[in-house]
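Note sheet for the following structure.
Number of protein chains: 2
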Amino acid sequence: MKRVTFLLVAIAAMAGLVALIVPSPGRADAAAAAPYVTEMPQGYRDWKWISSAHEAGNLNSLGALLGNDVAFNAFRDGKLPFPDGTILAALHYHYVPSDENNKIFGQVQSFVPGAPTNIQFMVKDSTKYAATGGWGFGHFQDGKPGNAAFMKSCFPCHEKAKATDLVFTRYAP
Amino acid sequence: MKRVTFLLVAIAAMAGLVALIVPSPGRADAAAAAPYVTEMPQGYRDWKWISSAHEAGNLNSLGALLGNDVAFNAFRDGKLPFPDGTILAALHYHYVPSDENNKIFGQVQSFVPGAPTNIQFMVKDSTKYAATGGWGFGHFQDGKPGNAAFMKSCFPCHEKAKATDLVFTRYAP
Numbered sequence: 078m079k080r081v082t083f084l085l086v087a088i089a090a091m092a093g094l095v096a097l098i099v100p101s102p103g104r105a106d107a108a109a110a111a112p113y114v115t116e117m118p119q120g121y122r123d124w125k126w127i128s129s130a131h132e133a134g135n136l137n138s139l140g141a142l143l144g145n146d147v148a149f150n151a152f153r154d155g156k157l158p159f160p161d162g163t164i165l166a167a168l169h170y171h172y173v174p175s176d177e178n179n180k181i182f183g184q185v186q187s188f189v190p191g192a193p194t195n196i197q198f199m200v201k202d203s204t205k206y207a208a209t210g211g212w213g214f215g216h217f218q219d220g221k222p223g224n225a226a227f228m229k230s231c232f233p234c235h236e237k238a239k240a241t242d243l244v245f246t247r248y249a250p
Numbered sequence: 078m079k080r081v082t083f084l085l086v087a088i089a090a091m092a093g094l095v096a097l098i099v100p101s102p103g104r105a106d107a108a109a110a111a112p113y114v115t116e117m118p119q120g121y122r123d124w125k126w127i128s129s130a131h132e133a134g135n136l137n138s139l140g141a142l143l144g145n146d147v148a149f150n151a152f153r154d155g156k157l158p159f160p161d162g163t164i165l166a167a168l169h170y171h172y173v174p175s176d177e178n179n180k181i182f183g184q185v186q187s188f189v190p191g192a193p194t195n196i197q198f199m200v201k202d203s204t205k206y207a208a209t210g211g212w213g214f215g216h217f218q219d220g221k222p223g224n225a226a227f228m229k230s231c232f233p234c235h236e237k238a239k240a241t242d243l244v245f246t247r248y249a250p
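As given, the protein sequences belong to chains A and B, one line each in that order.
For what it's worth, the working numbering labels the leading residue of the first sequence as 78, then goes sequentially.
For what it's worth, the working numbering labels the leading residue of the second sequence as 78, then goes sequentially.
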């Protein structure tokens, strides 16, 4: 009887160990189908500049779109759709007057990035993000990703820029 | 007599050749003392992004400051004064609304770079440009450098930003 108990405990322990190591099919599916980017891509601040933009109104932001090498080359060469491996990083800041510059110019003329507001990413992976045009969308505020409800708004809006593979920004020559 | 003439002609020819090969001291001095940048640095469009800026008023521009690796590292690490070898490239464009974006947003919200206006450079070489705070200034429109009279206005204005080594732009984190 003791031997049987030991065997059952051993089997249960091994099963537990296996459960820890191998993610269940349910979990793996959920991760693969995650419709948005939940971790910030590394090294984006060193990427190349695609363009700048000012968004007025409620956003009131000034920023830049940077791209990794795959992204930059595609933009520069006018290659559409963007190839898998493309990553775009939109760095947004409060749109503020530069008091120090304006003092020198003698008028309110110079507007610059103030405190950072958020960073948004678009990651091209036509398999992983097949349901959203091949793009995974990311939004990070203070390093934390936007929640699922918020992230649902990305694709329907970007989908309207279908002619440029869901990307609003044009390359500044 | 013929032999003397030949000798004189030969000497004159050689002197002419030497004059073509070796620049006269006067010319060399003039080039070394050129107070501004007359040739566009190579590869600047691939450099890293320092910040974006909108200049309102007469300039009405939107653009970005890019820097070579020496410049980028100094900005990122808050290193002042900028080391020799620093090159900054300010890419300027007309500040225009993006009709295609605004149509999607349903309001005039998005302002982007239009046609390029000019590109300005600052090259740090504390020996060559000792007379202008160690900086050589450059201004190019359609690839052509600004004339001497125009270029004289750069230093007196940038000199007012002495606290940041004559550079107006701050690094956007």
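Glycine residues also receive a C-beta, built at the ideal position from the N, C-alpha and C atoms.
Note that the structure is a prediction, hence the values are computed from the model and not measured.
Legend entry - Cutoff 8 angstroms: Ala105 (chain B) Cβ touching any chain A Cβ: With a pLDDT of only 44 at Ala105 (chain B), under 50, the local geometry of the prediction cannot be trusted, and no value is derived from it.
Inset, instruction - Note down the Cα distance separating Asn195 (chain B) from Ser230 (chain B), rounded to an integer number of angstroms. - result: Looking at the two C-alpha atoms, the distance is approximately 16 angstroms.
Inset, instruction - Locate the alpha helix (DSSP H) running through Phe159 (chain A), then write down its first and last residues. - result: DSSP places Phe159 (chain A) outside any alpha helix (DSSP H), giving it a letter other than H or E.
Inset, instruction - With DSSP as the reference, label Thr194 (chain B) as helix, strand or coil. - result: Correct three-state label for Thr194 (chain B): strand.
Inset, instruction - Name, in chain order, the residues that DSSP records as bridge partners for Tyr113 (chain B). - result: Tyr113 (chain B) pairs with B:Phe214.
Legend entry - C-alpha distance - Ala167 (chain B) paired with Gly140 (chain B), whole-angstrom precision: One C-alpha to the other measures close to 7 angstroms.
Legend entry - Candidates A:Val185, A:Val200, A:Ile181 and A:Ala225: closest to Pro251 (chain A) by CA position: Missing from the structure shown is residue 251 (chain A); chain A here goes from 78 to 250 and no further.
Legend entry - Separation of Phe214 (chain B) from Val244 (chain B), as counted between CA atoms: The straight-line gap separating the alpha-carbon atoms of Val244 (chain B) and Phe214 (chain B) is approximately 11 angstroms.
Legend entry - Reduced DSSP secondary structure (H/G/I, E/B, other) of Val244 (chain A): Looking at Val244 (chain A) - three-state DSSP - the assignment turns out to be coil, as it is neither helix nor strand.
Inset, instruction - Output the distance between the C-alpha atoms of Gly211 (chain B) and Lys201 (chain B), rounded to the nearest integer angstrom. - result: For Gly211 (chain B) and Lys201 (chain B), the distance between alpha carbons rounds to 6 angstroms.
Inset, instruction - Hey, could you find the ends of the alpha helix (DSSP H) Val173 (chain A) is sitting in? - result: For Val173 (chain A), there is no enclosing alpha helix (DSSP H); the enclosing beta strand (DSSP E) has its first and last residue at Ile164 to Pro174.
Legend entry - According to DSSP, residues forming a beta bridge with Leu136 (chain B): Answer is none; Leu136 (chain B) lacks a bridge partner.
Legend entry - Backbone CA spacing between Ala108 (chain B) and Leu165 (chain A) [nearest angstrom]: Because Ala108 (chain B) carries a pLDDT of 47, less than 50, the predicted location of this residue cannot be relied on, and no value is offered for it.
Inset, instruction - Report the residue from B:His169, B:Gly191 and B:Gly162 whose alpha carbon sits nearest the alpha carbon of Asp176 (chain B). - result: Of the candidates B:His169, B:Gly191 and B:Gly162, the one whose C-alpha sits nearest the C-alpha of Asp176 (chain B) is B:Gly191.
Inset, instruction - Would you kindly work out how many angstroms separate the C-alpha atoms of Asn145 (chain B) and Ala208 (chain A), rounded to a whole number? - result: Annotation: Asn145 (chain B) to Ala208 (chain A) spans about 39 angstroms, alpha carbon to alpha carbon.
Legend entry - Given Ala148 (chain B) as reference, the closest of B:Thr204, B:Ser187, B:Pro112 and B:Trp124 once Cα atoms are compared: Closest in alpha carbon position to Ala148 (chain B), among B:Thr204, B:Ser187, B:Pro112 and B:Trp124, is B:Trp124.
Legend entry - Spatial neighbours of Arg153 (chain A) in its chain, beta-carbon cut-off 7 angstroms, leaving aside the 5 residues before and after: Closer than 7 angstroms at Cβ, skipping near neighbours: Tyr248.
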